[in-house]
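Enquirer:
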């Protein structure tokens, strides 16, 4: 992996269902992984900053895991609600403190 | 309210003109950043500044310039040397570099014709 990649590019989920998606990144020179939520017409907002292999973070119904050795992170949304509709960005911080973003996963929650 | 402001929200310029995008923060953050977003791509780092009077090039600095004369302000100038300036520009700040989360402004959409 040369760049930060997110999959899928977009997904639709029924209200109440759970979902998850992936961020893959180069594992070399890794310093931290950021997750942001970007709602339409708003600014991106930070969800998590993760640094340690095996780290798990949770905020409400959203949680994330991190595997720094193989270079991936999963974001989970439990019991999706319409307000979870947004683009979720992940970004890898390298040890030169530069943040490299993926193109995002756009989640649409259908009522 | 603490936050980051960017102005204007929409900006139109003729090709060959320089244009300056404003970014101000009242969060007392040391680090500030400029990103560019193009359709289907992730945010790309243009310039960043860790402290007043210091800044470094990001991944796509060619055709751009910045200054950091005050802690609160980090203006970005898009020069006529930038070949594809039409894009959405986001400014961000953080307490420092490293593991600190970044706070983003609302963005400026620049259209150059």
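Residue numbers (the numbering used here), protein chains in the order written: chain A, 2 to 112; chain B, 136 to 248. For each residue, glycine too, the CB sits at the ideal point set by N, CA and C.
1) So what's residue 194 of chain B in DSSP terms, helix, strand or just coil?
2) Anything in the stretch 57-88 of chain A with a Cβ closer than 8 Å to a Cβ of chain B? List those residues in chain order, please.
3) Go through its chain and collect everything with a Cβ distance to residue 22 of chain A's Cβ below 8 Å, but skip five positions before and after it.
4) Going by the DSSP bridge assignment, what does residue 87 of chain A pair with across the sheet?
5) Check the Cβ of residue 52 of chain A against every Cβ in chain B and list those closer than 8 Å, keeping chain order.
6) Tell me the rounded alpha-carbon separation between residue 186 of chain B and residue 111 of chain A.
7) Identify which residue in A:34, A:80, A:45 has its Cα closest to the Cα of residue 56 of chain A.
8) With 16 other CB atoms within 10 Å as the buried threshold, where does residue 142 of chain B fall?
9) I believe residue 244 of chain B touches residue 149 of chain B by the beta-carbon criterion, under 8 Å. Please report the beta-carbon distance rounded to the nearest angstrom.
10) Taking 8 Å as the threshold, find out whether the stretch 189-201 of chain B comes into contact with the stretch 224-234 of chain B through three or more Cβ pairs.
11) Along chain A, in chain order, which residues have C-beta atoms closer than 8 Å to that of residue 180 of chain B?
12) In angstroms, rounded to a whole number, what distance separates the CA positions of residue 103 of chain A and residue 191 of chain B?
13) Quick check on the burial criterion: 16 or more other C-beta atoms within 10 angstroms. Buried or exposed for residue 82 of chain A?
14) Runs of 3 residues minimum, wholly inside the stretch 145-189 of chain B: which ones carry the beta strand (DSSP E) assignment?
15) Distance cutoff 7 Å, beta carbons only. Does residue 160 of chain B sit that close to anything in chain A?
16) Closer than 8 Å is the cut-off here; do at least three beta carbon pairs connect the stretch 87-101 of chain A with the stretch 206-219 of chain B?
17) For residue 71 of chain A, does the three-state DSSP call read helix, strand or coil?
18) Excluding the 5 residues preceding and the 5 following residue 64 of chain A in the sequence, name in chain order all residues of the same chain whose CB lies nearer than 7 Å to its CB.
Expert: A quick look at the data gives this:
1) Note: residue 194 of chain B maps to coil in three-state DSSP.
2) Hits within the stretch: zero.
3) Excluding positions up to five away in sequence, the list reads 7, 8, 9, 12, 75, 76, 89, 106, 108.
4) Paired residues: A:108.
5) The CB of residue 52 of chain A comes closer than 8 Å to the CB of 234 in chain B, given here in chain order.
6) Using only the alpha carbons, I get a separation of about 44 Å.
7) The shortest C-alpha to C-alpha distance from residue 56 of chain A to any of A:34, A:80, A:45 is the one to A:34.
8) That one is exposed.
9) Rounded to the nearest angstrom, the Cβ distance from residue 244 of chain B to residue 149 of chain B is 16 Å, too far for a contact under 8 Å.
10) Put simply, the stretch 189-201 of chain B does not touch the stretch 224-234 of chain B. Fewer than three CB pairs are less than 8 Å apart.
11) Within chain A, the residues near residue 180 of chain B are 99, 100, 101.
12) Those two C-alpha atoms are separated by around 22 Å.
13) By the C-beta density criterion, residue 82 of chain A is exposed, having fewer than 16 other C-beta atoms within 10 angstroms.
14) Fully enclosed beta strand (DSSP E) runs of 3 or longer: 145-148, 154-160, 166-172, 179-186.
15) No, residue 160 of chain B lies away from the interface with chain A (no Cβ there is under 7 Å from its Cβ).
16) Segments in contact, no.
17) In this structure, residue 71 of chain A counts as coil in the three-state DSSP scheme.
18) So the qualifying residues of the chain are 57, 58, 77.
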